[in-house]
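Per numbering that gives the first Met the number 0, residue 0 is the first one in the sequence shown, and the count goes up by one each step.
For every residue, glycine included, the Cβ atom is placed at its ideal position computed from N, Cα and C.
Nothing here was measured: the structure is a model prediction, and the numbers come from that model.
All remarks here apply to the structure that follows.
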Amino acid sequence: MSITLTILGCHSATPRINAFPTSQYLEINNSHFLVDCGEGTQRQMRKYKVGFSKINHIFISHLHGDHFYGLVGLLSTYGILNREKDLHIYGPKGIKEVTLLQLKISQSHAKYKMIFHELTSKKSELIFEDDKVSVSTIPLTHRVYTNGYLFTEKEKPRKLNMLNISGYPEIGKADYLNIKAGRDFTLASGEIVANAEITINPPKPLSFAFCSDTSYKPDIIPIIENADLLYHEATFLSDREDLAKKTKHATSKQAAQIAKDANVNQLVIGHYSGRYKDISLFKKEAQEIFENTELAEPGKVFTV
């Protein structure tokens with residue numbers, strides 16, 4: 000059980016020589032996801048050796064350019080690489096229209112099927128689920144319709160307590176599957192052996208929450224509570240809280256307050272405004288409220 004997050008881009012607005020817009024590569028138990036796809040994402044994927052073919056699901060938070068202008072280029076590249084596997088794309092209503100129009104006008108052709116999942120709900124909803132992970136939306140407050148995403152591992156089966164099981168000769172290997180699923184065992188005498196006696200709790204499912212772009216929004220705390228890893232935008236330092244409010248972004252201290260109130264394990268902040276030359280100030284400010292804070296930087300890997 001593990002979560003690995005690779006930062007591909009972590010700055011806001013326009014790309015710069017060594018600063019790329021938002022994009023993250025997430026791996027959970029051998030499932031691979033791309034979260035946001037700003038300009039230069041393909042370059043960063045190649046630089047940090049992210050396998051293009053592994054990604055089957057792309058999640059776009061909102062339709063501002065620094066979060067999705069790299070998408071059409073990536074989809075076109077998949078066509079050039081003769082991709083055949085279906086590709087699922089999740090994002091706000093309108094993402095299908097704007098994407099397919101560009102591909103149509105440029106006469107880009109693809110063998111693979113693009114499946115768009117357009118989002119409109121202002122409430123948290125489950126949008127993807129398989130046997131390894133589930134993904135739910137985190138409604139955010141920005142200048143356009145925006146969602147964050149909560150990725151959660153599926154709970155593993157309970158582990159067998161072989162020491163205690165050995166005390167019940169009637170329990171055979173054929174019964175293990177039901178016991179691991181949480182069922183009690185009934186002896187021939189009618190006595191019930193409680194599942195808790197013959198199993199051990201599995202590890203807590205790990206989770207990662209992605210929250211960008213958004214103003215300070217305490218409403219999300221119940222959704223992301225106890226997350227193992229939280230990425231929260233911090234576009235401004237606290238001295239520009241007025242500008243953050245006006246543009247519907249967050250400050251480093253506000254991101255830290257969300258992390259603290261949600262009792263997350265680790266906070267990663269990013270989406271820095273280009274006005275700041277020294278991004279270490281963001282970490283310094285955030286750590287005044289939430290100690291376990293790290294800066295998002297291109298190529299940086301976080302493992303849970």
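In terms of CA proximity to residue 289, 254 leads the group 14, 254, 5 and 82. At a Cβ-Cβ threshold of 8 angstroms, residue 65 and residue 12 count as neighbours. In terms of Cα proximity to residue 41, the closest of 161, 34 and 51 is 51.
Taking a C-beta distance under 8 angstroms as the contact criterion, residue 60 and residue 146 qualify as a contact pair.
Residue 259 and residue 120 have their C-alpha atoms roughly 27 angstroms apart.
By the criterion of a C-beta distance shorter than 7 angstroms, residue 224 is surrounded in its chain by 261 and 262, once the five residues flanking it on both sides are discounted. If you look at residue 8, you'll find it isn't in any alpha helix (DSSP H); it sits in the beta strand (DSSP E) that goes 2–8. Counting only unbroken stretches of 4 or more residues, the alpha helix (DSSP H) elements lying wholly within the segment 12–80 are 40–46, 64–67 and 70–79, in sequence order.
Nearest to residue 117 by alpha-carbon distance, out of 97, 132 and 69, is 97.
Of the candidates 160, 166, 168 and 188, 160 places its Cα closest to the Cα of residue 181. Secondary structure of residue 206 (DSSP, three-state): strand. The beta carbon of residue 280 sits closer than 7 angstroms to those of 236, all from its chain and outside the five residues before and after it, given in chain order. When the alpha-carbon of residue 82 is set against those of 53, 62 and 99, the nearest one is in 53. Under the three-state reduction of DSSP, residue 282 is assigned to helix. Counting every other CB atom within 10 Å of its CB across the protein chains shown gives residue 187 a total below 16, marking it as exposed. Apart from the 5 residues on each side of it in sequence, residue 201 sits with its Cβ closer than 7 angstroms to the Cβ of 154, 155, 156, 157 and 158 in its chain, given in chain order. In this structure, the alpha-carbon of residue 191 lies about 27 angstroms from that of residue 203.
The beta carbon of residue 125 sits closer than 7 angstroms to those of 133 and 135, all from its chain and outside the five residues before and after it, given in chain order.
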